[in-house]
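**Q** Residue numbers (this note's numbering): 113 to 208. Every residue, glycine too, gets a C-beta built ideally from N, C-alpha and C. Only a predicted model underlies this, so the values are computations on that prediction, with no experimental measurement involved. Sharing a structure below in structure tokens format, with a few things to ask.
Okay, here's the thing in structure tokens:
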């Protein structure tokens, strides 16, 4: 059973706390946007095998196994690309 702790603080302290929380939230949002925009893999729809390894946090050998087991790829003039949507759908389909 959860219990509650009530703390009374002055209005000035509440204002200071609210400002501090707002600053931390803005910093967190800014950091998230910076990470997103500084990471080219997050912005791309189609990945090379190397990028797909990073995206999945797996080795090249593991990616090759996933492809051999049926993960869809796109081949254009000998270059292999993987769709992030297809990667996610494939992983969902083999999820246990």
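#1: Please state whether DSSP places residue 121 in a helix, a strand or coil.
#2: The alpha helix (DSSP H) spanning residue 205 covers which residue range?
#3: Measuring alpha carbon to alpha carbon, tell me which of 115, 199, 190 ends up nearest residue 156.
#4: With 16 other CB atoms within 10 Å as the buried threshold, where does residue 194 fall?
#5: Using only CA atoms, which one of 181, 188, 171 lies nearest to residue 203?
**A** Straight from the coordinates:
#1: Residue 121 falls in the coil class under three-state DSSP.
#2: The continuous alpha helix (DSSP H) containing residue 205 extends over residues 196-206.
#3: 199
#4: buried
#5: 181
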